[in-house]
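A.B. asks: First, the structure itself, so that you have it in front of you.
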Amino acid sequence: MTDNEKINIEVVEMTNFKEGTCTACVEEEGRCPACKVQDIGETYDPDSSDKAWEYYKHVYKDEKEKCDKRLEFLNKLNGDGKIDTKYQLKKKSNRLIAETIDKTIPIPDFAGDTMFNFKHGKYSSFIKVSGIDTNQLVRCAKNHHSLLNFSLMPKTGAMNNVKGARYDDPCNFFVKLNKYLCIPKPIRSESISIIFKDTFEIFNHATYLNLPVIKNFLDEFVSLDDYCKTFYNIDKTYKYLELSKENVIDKWLKQYMDLAEDYWEMRHKQLQNDLLKSNLCQSCKQGDCNCHHYYYTDRDGTSKSYCYHDNCKPETSI
Numbered sequence: 001m002t003d004n005e006k007i008n009i010e011v012v013e014m015t016n017f018k019e020g021t022c023t024a025c026v027e028e029e030g031r032c033p034a035c036k037v038q039d040i041g042e043t044y045d046p047d048s049s050d051k052a053w054e055y056y057k058h059v060y061k062d063e064k065e066k067c068d069k070r071l072e073f074l075n076k077l078n079g080d081g082k083i084d085t086k087y088q089l090k091k092k093s094n095r096l097i098a099e100t101i102d103k104t105i106p107i108p109d110f111a112g113d114t115m116f117n118f119k120h121g122k123y124s125s126f127i128k129v130s131g132i133d134t135n136q137l138v139r140c141a142k143n144h145h146s147l148l149n150f151s152l153m154p155k156t157g158a159m160n161n162v163k164g165a166r167y168d169d170p171c172n173f174f175v176k177l178n179k180y181l182c183i184p185k186p187i188r189s190e191s192i193s194i195i196f197k198d199t200f201e202i203f204n205h206a207t208y209l210n211l212p213v214i215k216n217f218l219d220e221f222v223s224l225d226d227y228c229k230t231f232y233n234i235d236k237t238y239k240y241l242e243l244s245k246e247n248v249i250d251k252w253l254k255q256y257m258d259l260a261e262d263y264w265e266m267r268h269k270q271l272q273n274d275l276l277k278s279n280l281c282q283s284c285k286q287g288d289c290n291c292h293h294y295y296y297t298d299r300d301g302t303s304k305s306y307c308y309h310d311n312c313k314p315e316t317s318i
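Under full-length UniProt numbering, the residue at position 174 of the sequence shown is numbered 174, and the numbers go up by one with no gaps.
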């Protein structure tokens, strides 16, 4: 069997979708390979599953095991569903949400979000684009439900619906977010009335009651780069902002896939570098442990399971 024949078979397999809890691809159990490897059950929307929250607890911590002050509620997340006196982890439909316990406190709820969208509907559209690199598209589709493709997002103000417009891509979302965050922080922090002096799409889905909450939260960030560094570990956003201007679909899709693979590779290297700095046993170093795992298909098309840890206590360290 030639490489091209293998590619064609794989493309057919990846297009054999049906909608369900797992929207990446469908096996008999209704889960894609990423969900299987990461042990994400069918009862959860993958980016807001229990396994995703374990990942968020890990990936948002610094070398001192602390989270950014704007996400400090994660520092107290434990196994019994309680986070702290302000938040609790509650299951709403098929999603775990970090909800405020006292609704009178003006702080946002949080949920998981899928960064780059290559699920069933998107893949079916992208595969029809003339000249598309099917190898690259298959790799991207495989990573759709990788933990590397998940991040936290404020649920209050329905920012996920703002991002979900058009192709549900981070580029247009960052443009809308930047229109507000590019205003100097002292000016936008003065009064809520600034929102009504211009059209800020980032607030399009906010309600009268939660608009002040999400505005006050965004006002804690100096700039778009500050926000993206906190939530996505992205230092510079100019490539994302530039891509939002591209209107030619084949050029846009190629650059979109490149950005996605750059992002996953960055996240993967970050986690593996963290492991190298840790006091781990031999099996953990080799990825053979039975602890937390994430699934990743690299640029060579190799799909593997990799481990990551918070509290590895090996009997024999190396």
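Idealized CB from N, CA, C, for every residue including glycine. Remember, it's a predicted structure, so these values are computed and weren't measured experimentally.
If L147 sits next to F110, beta carbons under 8 Å apart, how far is it from one beta carbon to the other, in whole angstroms?
C.D. replies: About 16 Å separates the two Cβ atoms, so there is no contact after all.
A.B. asks: State whether the segment 246 to 262 contacts the segment 45 to 59, with contact taken as three or more CB pairs (one from each stretch) at a distance under 8 Å.
C.D. replies: At 8 Å Cβ cutoff, the stretches do not touch.
A.B. asks: Excluding the five sequence neighbours on either side, which residues of its own chain have a C-beta within less than 6 Å of the C-beta of Y232, listed in chain order?
C.D. replies: Here the set comprises S151.
A.B. asks: Leaving out the 5 sequence neighbours to the left and right, which residues in its chain are closer than 8 Å to I101 when beta-carbon positions are compared?
C.D. replies: T85, K86, Y87, Q88.
A.B. asks: What would DSSP say about C140, mapped onto helix, strand or coil?
C.D. replies: C140 falls in the helix class under three-state DSSP.
A.B. asks: With respect to the beta strand (DSSP E) encompassing D219, which residues constitute its N-terminal and C-terminal limits?
C.D. replies: Per DSSP, D219 belongs to no beta strand (DSSP E) and is neither H nor E.
A.B. asks: Is it the case that the Cβ atoms of Y256 and F174 are separated by a distance below 8 Å?
C.D. replies: No, these two residues do not count as a Cβ contact at 8 Å.
A.B. asks: Starting from the Cα of L181, find the closest Cα among N161, D169, F203 and give me that residue.
C.D. replies: The residue with the shortest Cα to Cα distance from L181 is F203.
A.B. asks: Since I believe Y308 is in contact with H268 (beta carbons under 8 Å), could you give me their beta-carbon distance rounded to a whole number of angstroms?
C.D. replies: So it is not a contact: roughly 10 Å between Cβ atoms.
A.B. asks: Does the beta-carbon of Y55 have 16 or more other beta-carbons within 10 angstroms, so that it is buried, or is it exposed?
C.D. replies: Buried.
A.B. asks: According to the Cβ coordinates, are L224 and L177 closer than 8 Å?
C.D. replies: The answer is yes: Cβ separation under 8 Å.
A.B. asks: Based on the DSSP secondary-structure assignment, which residues constitute the bridge partners of T230?
C.D. replies: DSSP output for T230 lists no bridge partner at all.
A.B. asks: Taking all protein chains shown into account, do 16 or more other C-beta atoms lie within 10 angstroms of the C-beta of S270, making it buried, or fewer, making it exposed?
C.D. replies: The sequence as given places Gln at residue 270; Ser does not occur at that position. Exposed, because fewer than 16 other Cβ atoms sit within 10 Å of the Cβ of Q270.
A.B. asks: At the level of alpha carbons, what is the spacing between K215 and D62?
C.D. replies: Distance between the alpha carbons of K215 and D62 is about 26 Å.
A.B. asks: State the Cα-Cα distance for the pair G301 and D250, rounded to the nearest angstrom.
C.D. replies: Going from the Cα of G301 to the Cα of D250 covers about 21 Å.
A.B. asks: Keeping to the same chain, check which residues put their C-beta closer than 7 Å to that of P212; ignore five residues upstream and five downstream.
C.D. replies: Contacts found: P106, I192.
A.B. asks: Thinking C-beta only, is K64 closer than 8 Å to N75?
C.D. replies: In this structure, K64 does not lie closer than 8 Å to N75 by Cβ.
A.B. asks: Taking just the CA atoms, how far does V138 sit from I40?
C.D. replies: Roughly 21 Å between the two C-alpha positions.
A.B. asks: Whole-angstrom Cβ separation of H293 and V37, contact assumed at under 8 Å?
C.D. replies: With a Cβ gap of about 6 Å, H293 and V37 count as contacting.
A.B. asks: Using 10 angstroms around the beta-carbon of L96, count the other beta-carbons present and answer buried if the total reaches 16, otherwise exposed.
C.D. replies: Buried, because 16 or more other Cβ atoms sit within 10 Å of the Cβ of L96.
A.B. asks: In whole angstroms, give me the CA-to-CA distance for V129 and D50.
C.D. replies: Roughly 36 Å separates the two Cα atoms.
A.B. asks: Can you tell me whether Y208 is buried or exposed, with buried defined as 16 or more other CB within 10 angstroms of its CB?
C.D. replies: So Y208 counts as exposed.
A.B. asks: Alpha carbon to alpha carbon, what distance is there between E190 and R299?
C.D. replies: Cα to Cα, the separation comes out at about 47 Å.
A.B. asks: Can you list, in chain order, the residues of its chain whose CB lies under 7 Å from that of L218, leaving out five sequence neighbours each side?
C.D. replies: Around L218: Y180, L181.
A.B. asks: Using only CA atoms, which one of E201, Y167, V59 lies nearest to K119?
C.D. replies: Ranking the options by Cα distance to K119, first place goes to Y167.
A.B. asks: Do you know how far the Cα of T134 is from the Cα of S124?
C.D. replies: Using only the alpha carbons, I get a separation of about 12 Å.
A.B. asks: Alpha helix (DSSP H) containing S124: first to last residue?
C.D. replies: Looking at the DSSP string, the run of the alpha helix (DSSP H) that includes S124 is 120 to 126.
A.B. asks: Consult DSSP for Y32 and reduce its assignment to one of helix, strand or coil.
C.D. replies: Note on residue identity: the sequence assigns Cys, not Tyr, to residue 32. Coil, per DSSP.
A.B. asks: Is E220 near R70, with beta carbons less than 8 Å apart?
C.D. replies: Yes; because the gap between Cβ atoms is below 8 Å, this pair is in contact.
A.B. asks: In chain order, what residues of the same chain lie with their CB nearer than 6 Å to the CB of I234, ignoring the 5 residues before and after it?
C.D. replies: For I234, where only same-chain residues beyond five positions count, the Cβ hits under 6 Å are C228.
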